[in-house]
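S.K.: First the structure, which I've put down as structure tokens, then a few questions once you've had a look.
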Amino acid sequence: MTWSEMEPLLEQACWDTLYMVGWSALIAIVGGLPLGVLLVLTDRGGVLQNVVVNKVLGQIVNIARSMPFIILMVALISFTRWVVGTTIGPEAAIVPLAIGAIPFFARLVETSVREVDGGLVEAVQSMGGSTWTVVRKVLLPEALPSLISSATTTVVALLGYSAMAGTVGAGGLGDLAIRYGYQRFETDLMWITVGILAVVISVIQFAGDVAARGLSHRGRSSVAPRLVLLRPGRGARSAPAPAAPGTAGTAGASADAEPADTEPAKVP
59 MTWSEMEPLL EQACWDTLYM VGWSALIAIV GGLPLGVLLV LTDRGGVLQN
109 VVVNKVLGQI VNIARSMPFI ILMVALISFT RWVVGTTIGP EAAIVPLAIG
159 AIPFFARLVE TSVREVDGGL VEAVQSMGGS TWTVVRKVLL PEALPSLISS
209 ATTTVVALLG YSAMAGTVGA GGLGDLAIRY GYQRFETDLM WITVGILAVV
259 ISVIQFAGDV AARGLSHRGR SSVAPRLVLL RPGRGARSAP APAAPGTAGT
309 AGASADAEPA DTEPAKVP
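Below, the structure written as structure tokens:
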């Protein structure tokens, strides 16, 4: 097969793959984000502690995650036909891709949100903040860099799932590699497909890492002002006093010290 014959096939397969992965990733994020946050809120010690709800949600997520994707696609054939009217093509593949990715992303969200400092949550609650305020002002902003990394991991996983979906008629790069590269012995086309997938995954991972790193640096620089705002009394006591040149390292400590600590040292 010449390049002029491969080019339209590769172009159509790339668009099909991006179409499937884009829509399924969007649905997975919209569905998995609240599910992951709800798993944290209803857990023991959570803001909305409810052990029964937490166990039920956890079991549903575990069952969905334990099912192999190829079996999930077959099991959802009737549901897919009911939703999109067909079981073949990129539109049909979006349904099992999204359903398979929602519990995967929800577990990643749960892990990210658990890493948020509980002291910030307690501070907001002590000031009368509601559960929605805790989620919107503390949990999601503080976990945002980790959530970006989780979304990147989910998109990369969906690319692999989309290649698997291509083997059962969903189209895309996986379908092209199987039908032409394997069944018609077009080895060159198969390796070009593998190379395109590797490049796409590298670009997505690089973009996700850059975004998460940038948000992480910005988050660390803004933690101290947020703590001062949440605890105005302590922030006022810890205001640094003017320091003479060369004594900047001890200025803050002297401002926080109690009067007893400021007595002159006794000469032995």
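For this note's numbering, add 58 to where a residue sits in the sequence shown, where the first one is 1. The beta carbon of each residue, even a glycine, is placed where N, CA and C say it ideally should be.
Kindly indicate which three-state DSSP category E69 falls into: helix, strand or coil?
M.R.: Residue 69 sits at position 11 when you count from the first residue of the sequence shown. Three-state DSSP puts E69 in a helix.
S.K.: Identify whether I129 lies in helix, strand or coil by the three-state DSSP scheme.
M.R.: In the sequence shown, residue 129 corresponds to position 71, counting from 1. DSSP places I129 in helix when its eight states are reduced to three.
S.K.: Give the DSSP-derived three-state secondary structure of Q107 in the structure shown.
M.R.: By one-based count along the sequence shown, residue 107 stands at place 49. Reduced to three states, the DSSP call for Q107 is coil.
S.K.: Rounded to whole angstroms, what's the CA-CA distance from W140 to G177? Just pull it up for me.
M.R.: By one-based count along the sequence shown, residue 140 stands at place 82. By one-based count along the sequence shown, residue 177 stands at place 119. Those two C-alpha atoms are separated by around 47 Å.
S.K.: Once you ignore the five residues that flank P154 on each side, which residues in its own chain have a CB closer than 6 Å to its CB?
M.R.: Taking the sequence shown and counting its residues from 1, the one referred to as residue 154 is at position 96. Counting only Cβ-Cβ distances below 6 Å, and skipping sequence neighbours, we find L130, M131 and L134.
S.K.: Taking the continuous alpha helix (DSSP H) assigned at A228, which residues delimit it?
M.R.: Along the sequence shown, read from residue 1 onward, the residue named residue 228 stands at position 170. Note, A228: premise wrong, no alpha helix (DSSP H); not H, not E.
S.K.: So, with DSSP's three-state summary, where would you put V174?
M.R.: In the sequence shown, counting from the first residue as 1, residue 174 sits at position 116. Correct three-state label for V174: coil.
S.K.: Tell me which residue opens and which closes the alpha helix (DSSP H) that V193 is part of.
M.R.: Mapped onto the sequence shown, residue 193 falls at position 135. No alpha helix (DSSP H) holds V193; DSSP gives it neither H nor E.
S.K.: Taking the beta carbon of E63 as the centre, do at least 16 other beta carbons fall within 10 Å, making it buried, or is it exposed?
M.R.: Taking the sequence shown and counting its residues from 1, the one referred to as residue 63 is at position 5. Exposed is the call here.
S.K.: Counting along the chain, where does the alpha helix (DSSP H) carrying I135 start and finish?
M.R.: On the sequence shown, residue 135 is found 77 positions in, with the first residue counted as 1. Its alpha helix (DSSP H) spans residues I135 to V142.
S.K.: Whose C-beta lies closer than 7 Å to the C-beta of A86 among residues of the same chain, with five residues either side of it excluded?
M.R.: Counted from its first residue, the sequence shown places residue 86 at position 28. Correct list, in chain order: A156, A159, I160, F163 and T212.
S.K.: Is the separation between the beta-carbon of I250 and that of L68 shorter than 9 Å?
M.R.: Within the sequence shown, numbered from 1, the residue matching residue 250 stands at position 192. Within the sequence shown, numbered from 1, the residue matching residue 68 stands at position 10. Closer than 9 Å, so yes.
S.K.: Assign M59 to one of two classes, buried (16 or more other C-beta atoms within 10 Å of its C-beta) or exposed (fewer than that).
M.R.: In the sequence shown, counting from the first residue as 1, residue 59 sits at position 1. The residue is exposed, with fewer than 16 neighbouring Cβ atoms inside 10 Å.
S.K.: If we count Cβ pairs, one from each stretch, closer than 8 Å, do we get three or more for the segment 246–264 versus the segment 204–224?
M.R.: Short answer: they touch.
S.K.: For D74 and T144, I'd like the C-alpha separation in whole angstroms.
M.R.: Within the sequence shown, numbered from 1, the residue matching residue 74 stands at position 16. Within the sequence shown, numbered from 1, the residue matching residue 144 stands at position 86. C-alpha separation (whole angstroms): 16 Å.
S.K.: What three-state label does DSSP hand Q241 in the structure shown?
M.R.: Start at 1 with the first residue of the sequence shown, and residue 241 comes out as number 183. Coil at Q241, not helix or strand.
S.K.: Checking 9 Å against the spacing of the C-beta atoms, do V193 and V95 come in under that value?
M.R.: As a position in the sequence shown, residue 193 is number 135, starting the count at 1. As a position in the sequence shown, residue 95 is number 37, starting the count at 1. Yes, they are a contact pair.
S.K.: Express the C-alpha separation of L247 and S170 in angstroms, rounding to a whole number.
M.R.: Within the sequence shown, residue 170 is the residue found at index 112, counting from 1. Within the sequence shown, residue 247 is the residue found at index 189, counting from 1. Each residue's alpha carbon lies about 40 Å from the other.
S.K.: If we ignore side chains and look at the alpha-carbon of each, how far apart do A223 and C72 end up?
M.R.: Translated into positions along the sequence shown, residue 223 becomes position 165. Translated into positions along the sequence shown, residue 72 becomes position 14. Taking the straight line from one Cα to the other gives about 14 Å.
S.K.: Where L231 and T245 are concerned, what is the direct C-alpha to C-alpha distance, given to the nearest angstrom?
M.R.: Position 173 of the sequence shown, counted from the start, is the residue given in the question as residue 231. Position 187 of the sequence shown, counted from the start, is the residue given in the question as residue 245. One C-alpha to the other measures close to 14 Å.
S.K.: Using a threshold of 9 Å, state whether the C-beta atoms of A122 and T138 are closer than that.
M.R.: Locating residue 122 in the sequence shown gives position 64, counting from the first residue. Locating residue 138 in the sequence shown gives position 80, counting from the first residue. No, the pair does not count as a contact, with Cβ atoms beyond the cut-off.
S.K.: By the 10 Å Cβ neighbour count, where 16 or more other Cβ atoms means buried, how is I206 classified, buried or exposed?
M.R.: For the purposes of this step, residue 206 is taken as residue 148 along the sequence shown, with counting starting at 1. Classification for I206: buried.
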